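Asks: Below you will find the structure I want to go over with you.
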Amino acid sequence: MSFDAMSLSDSQVAETLFLDLPVQQVLERDGIQPVEPWARLYVDAIHDARFGDAIWARYHIDGNVVNGMVEGLTVLEAIEEDAVGYKKYSPEDFSEAVSFYRGTVNRADRHAQVIEIIFRNTLRVF
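Numbering follows this note's numbering, in which position 39 of the sequence shown is assigned residue number 42; successive positions increment by one, without gaps.
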């Protein structure tokens, strides 16, 4: 599946595991209190199909990242841990996420390693 930026409404989630906030919800601050600059970065990255950047911003958007750490892990370690958990406990959703990201490589993405972490976890066997 390839990503068509024009086909995704701001009221829809781009993907349900790592990008679970619709752009519209972030912009309207509907039920959430996103932290800047992460809210704007999340929205811009989704609109530009830079999904590594969008996931990176998503992990920061709640303001829970302090000095690069969230719950005792670096952001990349937290993403890795979540990817492992999703693959193990939500394999169908994880497979859909991998399919979504497989068709969305963007050279402007400054956090492409985030997508690589997700792909790397497709090889894990539980």
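The beta-carbon is built from N, C-alpha and C at its ideal position, and this holds for glycine as well. The model shown is predicted, which means the values in this text are computed figures rather than measured ones.
1. How is residue 69 classed by DSSP in three states: helix, strand or coil?
2. Please state if the CB of residue 33 and the CB of residue 44 are separated by a distance shorter than 8 Å.
3. Per DSSP, what are the beta-bridge partners of residue 77 in this structure?
4. List the residues that DSSP assigns as beta-bridge partners of residue 83.
5. For residue 92, count neighbouring C-beta atoms within 10 Å of its own C-beta (all shown protein chains included) and say buried if the count is 16 or more, exposed if not.
6. Residue 217 and residue 29: beta carbons closer than 8 Å?
7. Name the DSSP beta bridge partners of residue 18, please?
8. Measure the alpha-carbon distance for residue 77 versus residue 121 and round it to whole angstroms.
9. Thinking residue 69 and residue 62 are a contact (beta carbons under 8 Å), I'd like their distance in whole angstroms, please.
10. Using beta-carbon positions only, say whether residue 73 and residue 46 come within less than 8 Å of one another.
11. For residue 48, which option in 109, 125, 126 has the closest C-alpha, if you only look at C-alpha atoms?
12. Which whole-angstrom value describes the C-beta separation of residue 96 and residue 19, a residue pair presumed to lie in contact below a C-beta threshold of 8 Å?
13. What would DSSP say about residue 96, mapped onto helix, strand or coil?
Replies: This is what the structure gives:
1. strand
2. no
3. 72
4. According to DSSP, residue 83 bridges with nothing at all.
5. exposed
6. The structure shown does not extend to residue 217, since the chain is modelled only from 4 through 129, so no value can be given for it.
7. 22
8. 16 Å
9. The Cβ separation is near 12 Å, so there is no contact.
10. no
11. 109
12. 6 Å
13. helix
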